[in-house]
Amino acid sequence: MRTDRASLAADLRALGLPAGDLVVHVSLRRLGPPRDGPQVLLDALREVAGPGATIVVPTHTAHNSTTSPVFREATRGLDGPRLAAYLDAMPGFTPSMASTGMGAFAEHVRLAPGTVRSGHPQTSFAAAGPRAEEFMAVHDLDCHLGERSPVGALYRAGAHELMIGCGWERCTGLHLAEGRVPRPRRKTYTCFVDRDGKRVTEHFLGIDHDDRDFAELGAAFDRTGGSRRGRIGRTEALLTPLRGAVDFAVRWLTENRRWREDDP
């Protein structure tokens, strides 16, 4: 059974989705295939969030980085020549580059007319709506998901984050909190960027983002009553205000995250 715009909009209203700007993560497979594809879900989101809402999706590109889990998995066991060949074939980031593992809905929004994409070579976002240019304008290289990124802009705007068919482990807002804790852990990242048709290597120091405890963190926030859960289509959905989740996460991470000295 396929979902349609009317049923999706009804589910979003029942969840309590307010009018306003929204970050969206979706597993269409779990949602159930919408009739006429992901545009139906986008239309339903716009109907409920209102004409003034800007819809934002992650369009990350981990396949152009040598410091990403995607690279480590893809190159595990490769010998010298095969590893060199893999490295040679890795692309440099361009705004037209497809995202990696973000799903069909995110790609649909990225390719939609009028969409604006941020310029980060690893953790870009795409936005459609009245404030798209504003939210995507600043995304500094050394700030994956921090204050000088679309996540920071959306936090300041009072946006909500919606996870459909996925949970707290996909909540990009929680990564903003990682940079706000005392003495955040940092690491050096490496990725490739296309500049005038030439692949350039970029090295930069940034927050060492880690989502391994986000499910535990999110469960603690759920217990405060700050988030909402319900069903959208065939799957569960989670809705949270970014400010509430991030502010709580700063306190929780400060008190509970204890990395071992030898932790990679």
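Residue numbering for the sequence shown follows the UniProt record's numbering, beginning at 1 and increasing consecutively. Here a beta-carbon is modelled for each residue, glycine too, at the ideal position from N, C-alpha and C.
Checklist line | Cβ shell of residue 270 (< 6 Å), same chain only, five flanking positions each side left out | finding: Limits of the chain in this structure are 1 at one end and 264 at the other, which puts residue 270 out of reach.
Margin query: Taking 7 Å as the threshold (C-beta atoms), are Thr66 and Thr190 in contact?
Written below: yes
Checklist line | Expected contact under 8 Å - CB spacing of Pro34 and Thr3 to nearest Å | finding: That pair is a contact at about 5 Å.
Checklist line | Cβ contact (3+ pairs, closer than 8 Å) linking the stretch 112-132 and the stretch 52-59 | finding: yes
Checklist line | Interface flag, Leu111 vs chain B, CB-CB below 7 Å | finding: No chain B appears in the structure shown, which is made up of a single protein chain.
Margin query: Rounding to the nearest angstrom, what Cα-Cα distance links Leu176 and Pro113 in this structure?
Written below: 29 Å
Note to self: If you reduce the DSSP assignment to three classes, tell me which class Glu47 lands in.
What the structure shows: helix
Notebook entry, point to check: From Ala19 to Gly218, what distance separates their C-alpha atoms?
Noted result: Straight-line spacing of the CA atoms in Ala19 and Gly218 works out to 23 Å.
Notebook entry, point to check: Taking the alpha-carbon positions, what's the Arg260 to Ala245 distance?
Noted result: Summary for Arg260: the model assigns pLDDT 41, below 50, so the residue's position carries little reliability; its value from the coordinates is reported in the next sentence. Those two C-alpha atoms are separated by around 25 Å.
Checklist line | Inside the stretch 128-200 only - alpha helix (DSSP H) runs reaching at least 4 residues | finding: 132-136, 150-157, 173-178
Note to self: Once the 5 residues before and after Gly16 are set aside, which same chain residues still bring their CB inside 7 Å of it?
What the structure shows: Arg228, Leu239
Check: Does DSSP put Gly32 in a helix, a strand or coil?
Finding: coil
Note to self: In the DSSP output, what is Ala237 paired with across the bridge?
What the structure shows: The partner list for Ala237 (beta bridge, DSSP) reads Ile164, Gly230.
Check: How many Å lie between Arg257 and Asp247 at the Cα?
Finding: 15 Å
Checklist line | Close beta carbons around Leu42, own chain, < 8 Å, minus the five adjacent residues each side | finding: So the qualifying residues of the chain are Ile55, Phe105, His108, Val109, Ala112, Ala128.
Item checked: Contact set for Arg46: own chain, Cβ-Cβ below 6 Å, skip 5 residues either direction -> The same chain holds no residue with a CB closer than 6 Å to that of Arg46 once the five nearest residues on each side in sequence are set aside.
Check: Nearest to Gly206 by alpha carbon, out of Tyr86, Asp140, Ala10?
Finding: Asp140
Next item on the list: Measure the alpha-carbon distance for Asp142 versus Thr123 and round it to whole angstroms.
Entry: 11 Å
Notebook entry, point to check: Leaving out the 5 sequence neighbours to the left and right, which residues in its chain are closer than 6 Å to Pro264 when beta-carbon positions are compared?
Noted result: Unreliable placement is indicated for Pro264, whose pLDDT of 46 sits below 50; no coordinate value is reported for it.
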